[in-house]
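Take a look at the structure below.
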Amino acid sequence: MSTSRATSRAISRALPVALAGALIVLLGCSTGGDGDAPATPSAAQAPASTVLEPAPAPASTEPAQRRAGTRTRTASLSIPSIGLKGLRVIPYEGTTDDWPGTRIQDRGVAASPYGDHGGVGPGEVGNYLVTAHRLSAGGPLRNLPSLDVGDAVLVTSGGKVYTYKITETRQTSFRSERSLAEQRAAVPGSPGKRPTKAMITLSTCATPEDNAAGNYWRDDKSNPEHRIDKVGVLVPSAASE
910 MSTSRATSRA ISRALPVALA GALIVLLGCS TGGDGDAPAT PSAAQAPAST
960 VLEPAPAPAS TEPAQRRAGT RTRTASLSIP SIGLKGLRVI PYEGTTDDWP
1010 GTRIQDRGVA ASPYGDHGGV GPGEVGNYLV TAHRLSAGGP LRNLPSLDVG
1060 DAVLVTSGGK VYTYKITETR QTSFRSERSL AEQRAAVPGS PGKRPTKAMI
1110 TLSTCATPED NAAGNYWRDD KSNPEHRIDK VGVLVPSAAS E
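Each residue of the sequence shown is one higher than the one before, starting from 910 at the first, in the working numbering.
Right under this line is the structure:
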């Protein structure tokens, strides 16, 4: 009788331990943790070493980004009738004869503004603006005032030559917002008008003419009141890029 009771007690003590061990084994197989060996995959599971490829992204419906065109390229300006050859034209975002443009001109080269306040690139529909000094920094446009109607202006950009023909002479006043707007307009002289042609405005100071008239007004960049502008239109045979 005592032996039977001892056996029963041993079984009662061992049973909770055995159940606890089985429970730990079951939990270890179902969860796995850092450092645990991976459980054997079922047929519905991918092996742990398999790298799943991401699903392909849907095709974009956005339009392709537009090409920058010629407005951000450095160009070269030649005007045979006044002996000008290969003058560098540096594009920048701004307006005619602002501080960035003046600093470019002070290096003895030409500046070409573009952006929200006017200005396009060579060969583009609109007003290609080019400014340079007449007297200082080597005076690259010293002979611009003698440019006549019909004279050719050659602009080389991106390996292509754009030929413009001069059509008129204009004068711009730094003391008139209206006059500046006319110079910078997409159609020179006509602010607000929609352009249909590729045009060019070459601009330089009228310092000798203003001084001769007794007009010694200067702005904060030492510009005289007036500028001489030569306006031209792109020859049709060279209009396409």
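Think of the CB as a built atom: it goes at the ideal place given N, C-alpha and C, for glycine as much as any other residue.
Where residue i falls, given that 16 or more other Cβ within 10 Å makes a residue buried
i, result
"P989", "exposed"
"H1135", "buried"
"G1123", "exposed"
"E1086", "exposed"
"R1016", "exposed"
Nearest to residue i (by Cα), restricted to the options the options
i, options, result
"D1007", "N1132, D1138, K1139", "N1132"
"Y1037", "I1137, D1119, K1106", "K1106"
"Q1092", "I1109, R1012, S1045", "I1109"
"V1058", "I1075, S1066, G1048, G1047", "I1075"
"S1082", "S1055, T1065, W1126", "W1126"
"K1130", "T1011, L996, G992", "T1011"
"P1145", "A984, D1015, G992, Y1073", "Y1073"
"E1118", "R1043, P1097, I1013, V1029", "R1043"
"K994", "E1033, G1024, P1022, A1061", "A1061"
"N1052", "L1143, D1138, V1142", "D1138"
"S1021", "A984, G1048, K1069", "A984"
"V1029", "G1048, I999, I991", "I999"
Identity of the residues DSSP links to residue i by a beta bridge
i, result
"P1000", "S1021"
"D1138", "R1079, S1112"
"I988", "L993"
"L1143", "Y1073"
"R1127", "P1133"
"A1107", "G1035"
Span of the beta strand (DSSP E), counted from its first residue to its last, around residue i
i, result
"E1077", "1069-1082"
"G1061", "The sequence shown places Ala at residue 1061, rather than the Gly named in the question. 1061-1066 is the extent of the beta strand (DSSP E) around A1061."
"L1089", "Unbroken run through L1089 is the alpha helix (DSSP H), 1086-1093; no beta strand (DSSP E)."
"L1038", "1035-1040"
For residue i, the first and last residue of its enclosing alpha helix (DSSP H)
i, result
"T1011", "1008-1014"
Any non-hydrogen atom of the ligand NAP closer than 7 Å to residue i Cβ
i, result
"L993", "As for the ligand NAP, it is missing from this structure, which has no ligand bound."
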